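Residue numbers (my numbering): 305 to 774.
Beta carbons are placed, not taken as given, at the ideal position from N, Cα and C, and that holds for glycine.
Keep in mind the model is a prediction, meaning the values are calculated, not measured.
So the structure is just underneath, and the comments pick up after that.
Below, the structure written as structure tokens:
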């Protein structure tokens, strides 16, 4: 059975109760200074509004659980709040997916992937891992029923829609909005071997890249150019690349930061592909290791090539291009928080979290100028990194793979990764850390703007669909 979001009445009661506690007490140190008005009567009234917002901005930090956001906050300096800390409405969502079965009820899977979790907020339904906006079925290789998405509903109301990511645009999280396919790996026309019945030649919708263009998404910005350079093999666009198909449908195509900045506003859609695969990392640093007492290191910042736009710049441009009197829906993903967590690279992970937070700042600044805008921030699932005692290396106990960082406060912060590989005498870890695994903990959800009180409490990720939908 699906959980229910807080009713409007309960949400109103909750925020009024918080207000009654007093702004200073309720907000704490992170909400002091210029953010001290976060729990004003006006903010609380807006948060509990029943009127649907004109614009919706969803920002997803892939793999950004509470440990990941805390690591970024602490590395930057404990007295320097992140932009996400400007958001007063905060709750938690469960993220469990389901396993394939002959019939419902489908068994729960407590450690989901991004395809299943993205499908939850995109459609309001549970599905199996690897599946993109299709329902569950008897087996992974048996396609499920296509599920309508929040982006498709926004389009039906005449709203403009956008999808921005630092991953390949065909990766799971951006894919859930404008494609329906049984396996997330079927990203381009040449990647369809496992989805043969869903190719255009077989009468299906085609690969993720093809579907994103065919959906007419107004703004598509991110990586994954190689997927869009593949040749379409069926349907009316057979023989063209996906990029060629997009241009034939009126898309303006850009490949670098300068080209993106130069695009004027207008009704024609925009396809920006800034890397052949995932976009470049913002920060670099050593991967975690099994050694004890590693010397603390500082991260090397500002590593993104100048010709690749930052996530904040892509967010700002997308907002500029999407703005119109009917409103819009925009999803923005900070993708490589997850990818660097898998790689046990604390600096890469933190740098991507900080870059994602800057995109949150752009969205909140837009919301302040355009108050009929709902901003929601969340993660698709939690991940492996943990902040542990800097003395843990001296205990003699297994700690997995670890990194010691020198924070901007001049202190040592120790992060460990221990969901793959085992630091024990009977099974010593390999020198190169294996890819770490997701975890099943609840993820934080933040909200600002009309209706944002709906994120309060503990809910399920499927419930987020009703918050986002027009």
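Any non-hydrogen atom of the ligand COA within 7 Å of residue i CB
i, result
"residue 547", "Of the ligands one can find in the structure shown there are none, so the ligand COA has no counterpart to examine."
Bridge partner(s) assigned by DSSP for residue i
i, result
"residue 752", "679"
"residue 593", "706"
"residue 635", "362, 467"
"residue 723", "The partner list for residue 723 (beta bridge, DSSP) is empty, contrary to what the question assumes."
"residue 649", "Residue 649 is not bridged to any residue."
"residue 763", "397"
"residue 472", "527"
"residue 413", "401"
"residue 715", "In DSSP, residue 715 forms no bridge with anything."
"residue 604", "588"
"residue 450", "438"
"residue 485", "436"
"residue 692", "718"
Simplified DSSP state of residue i, which is helix, strand or coil
i, result
"residue 506", "coil"
"residue 738", "coil"
"residue 418", "helix"
"residue 501", "helix"
"residue 383", "coil"
"residue 334", "Bear in mind that a pLDDT of 47 at residue 334, under 50, signals an unreliable position, so the model cannot answer this."
"residue 640", "helix"
"residue 747", "strand"
"residue 686", "strand"
"residue 433", "coil"
"residue 478", "helix"
"residue 288", "Any property of residue 288 remains undetermined from this structure, which presents the chain solely from 305 to 774."
"residue 655", "helix"
"residue 627", "coil"
"residue 665", "helix"
"residue 495", "helix"
"residue 354", "coil"
"residue 516", "helix"
"residue 671", "helix"
"residue 770", "helix"
"residue 368", "coil"
"residue 444", "coil"
"residue 612", "coil"
"residue 327", "Legend: pLDDT at residue 327 = 40, less than 50; position of this residue unreliable, no value from coordinates given."
"residue 406", "coil"
"residue 619", "helix"
Close Cβ partners of residue i (< 6 Å) along its chain, the five nearest in sequence each way excluded
i, result
"residue 579", "527"
"residue 670", "623"
"residue 539", "504"
"residue 419", "434, 435, 436, 476, 488"
"residue 558", "564, 576"
"residue 544", "536"
"residue 665", "387"
"residue 417", "433"
Cβ neighbours of residue i in the same chain (closer than 8 Å, five flanking residues each side left out)
i, result
"residue 520", "459, 553, 573"
"residue 471", "366, 477, 478, 526, 527, 528, 582, 583, 637, 639, 640, 643"
"residue 694", "708, 716, 717, 718"
"residue 604", "587, 588, 589, 651"
"residue 612", "560, 561, 578, 579, 583, 584"
"residue 406", "442"
"residue 502", "447, 485, 486, 490, 496, 508, 509, 510"
"residue 317", "Residue confidence for residue 317 is low, a pLDDT of 48 falling below 50, so the modelled location carries little weight and cannot support an answer."
"residue 398", "307, 746, 762, 763, 764, 765"
"residue 691", "371, 374, 375, 378, 717, 718, 719"
Sequence-distant residues of the same chain with beta carbon closer than 7 Å to residue i, five excluded per side
i, result
"residue 663", "363, 615, 616, 619, 636, 638"
"residue 774", "356, 457, 458, 461, 463"
"residue 449", "438, 439"
is_contact[residue i, chain B] using C-beta, thresh 8 Å
i, result
"residue 544", "Reference to chain B is not applicable here, since this structure consists of a single protein chain."
Closer than 8 Å is the cut-off here; do at least three beta carbon pairs connect the stretch 647-664 with the stretch 364-374? yes
Kindly confirm or deny that the stretch 705-718 and the stretch 582-598 touch, where touching means at least three C-beta pairs closer than 8 Å. yes
Touch check for the stretch 741-760 and the stretch 663-679: three-plus C-beta pairs under 8 Å? The stretch 741-760, when compared against the stretch 663-679, does touch it at the 8 Å Cβ threshold.
Runs of beta strand (DSSP E) lying entirely within the stretch 520-583, each at least 3 residues, in chain order: 523-527, 556-558, 574-577
How about the stretch 631-639 and the stretch 348-365: do they share at least three Cβ pairs that are nearer than 8 Å? yes
Are at least three pairs of beta-carbons, each pair with one atom in the stretch 548-564 and one in the stretch 487-499, less than 8 Å apart? no
Can we say the stretch 345-354 touches the stretch 606-621, given the rule of at least three CB pairs closer than 8 Å? Contact between the stretch 345-354 and the stretch 606-621 is absent, because fewer than three Cβ pairs lie under 8 Å.
Take every Cβ of the stretch 762-769, pair it with every Cβ of the stretch 414-432, and state whether three or more of those distances are shorter than 8 Å. yes
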